[in-house]
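Enquirer: The sequence shown: position 51 = 124 (the working numbering), numbered continuously.
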Amino acid sequence: MKEEFKNDTPVPYEVVDKVVKEMKLASVGKASIREIKRLIDLLEEASKIKFVRMEMGVP
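#1: Do leucine 112 and valine 84 have their beta-carbon atoms positioned less than 8 Å apart in this structure?
#2: Have a look at phenylalanine 124 and lysine 110 and give me their C-alpha separation to the nearest angstrom.
#3: Valine 101: buried (16+ other C-beta within 10 angstroms of its C-beta) or exposed?
#4: How far does the alpha helix (DSSP H) with valine 125 in it extend, from its first residue to its last?
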């Protein structure tokens, strides 16, 4: 990933990278809905940043 984008994210890049590697996701873009939900749960826990949940189309 380009360095300029690593510093312009709501959740620190290092946190996201660590969680994705721990989950052993080959590609976030190809992850299932359940994998994305788990990823967000883990990112919220690691970063203490809350995400807007839209699983059912309603926040």
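Note that the Cβ used here is the ideal one computed from N, Cα and C, for glycine as well.
Just so it is clear, the structure is predicted and the values come from calculations on it, not from any experiment.
Expert: On the basis of the coordinates in this document:
#1: As a first step, residue 84 must be located in the sequence shown, where it is residue number 11. As a first step, residue 112 must be located in the sequence shown, where it is residue number 39. No, the Cβ-Cβ distance between valine 84 and leucine 112 is not below 8 Å.
#2: One-based indexing of the sequence shown puts residue 124 at position 51. One-based indexing of the sequence shown puts residue 110 at position 37. Going by the C-alpha atoms only, they are around 11 Å apart.
#3: As a working mapping, residue 101 is identified with position 28 in the sequence shown. The Cβ neighbour count for valine 101, taken over all protein chains shown within 10 Å, is under 16; the residue is labelled exposed.
#4: Counting from 1 along the sequence shown, the entry for residue 125 is found at position 52. Counting along the chain, no alpha helix (DSSP H) covers valine 125, and no H or E run does either.
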